[in-house]
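S.K.: Residue numbers (the numbering used here): 34 to 82.
C-beta atoms are modelled at their ideal positions from N, C-alpha and C, and glycine is treated no differently.
Everything numeric in this text was worked out from a predicted model, so none of it was measured.
Before we start, here is the structure in question, set down as structure tokens.
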Amino acid sequence: MCVGSFNWFSASRDDWNARYDTSLIYRGTNLNAEIDIIKSCLQQHLLQS
34 MCVGSFNWFS ASRDDWNARY DTSLIYRGTN LNAEIDIIKS CLQQHLLQS
């Protein structure tokens, strides 16, 4: 599972961190709980929109 952000469109273009992006890669067999949490958070966000 890869978790990251893509914020280039709204990021400042002049600062030292302009167009800076990070991602984390999770590996292993115990990711189901983490995936369920992420899905739940996304679902809540959709319901609030």
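1) Using a threshold of 8 Å, state whether the C-beta atoms of C35 and S56 are closer than that.
2) Could you tell me the boundaries of the alpha helix (DSSP H) in which S73 lies?
3) First and last residue of the beta strand (DSSP E) that includes G61?
4) Where R60 and H78 are concerned, what is the direct C-alpha to C-alpha distance, given to the nearest angstrom?
5) Between S37 and D48, how many whole angstroms is the CB-CB distance? I'm expecting something under 8 Å.
M.R.: Considering the structure as presented:
1) yes
2) 65–81
3) That residue, G61, is in no beta strand (DSSP E); it is neither H nor E in DSSP.
4) 26 Å
5) According to the sequence displayed, residue 37 carries Gly and not Ser. The Cβ separation is near 19 Å, so there is no contact.
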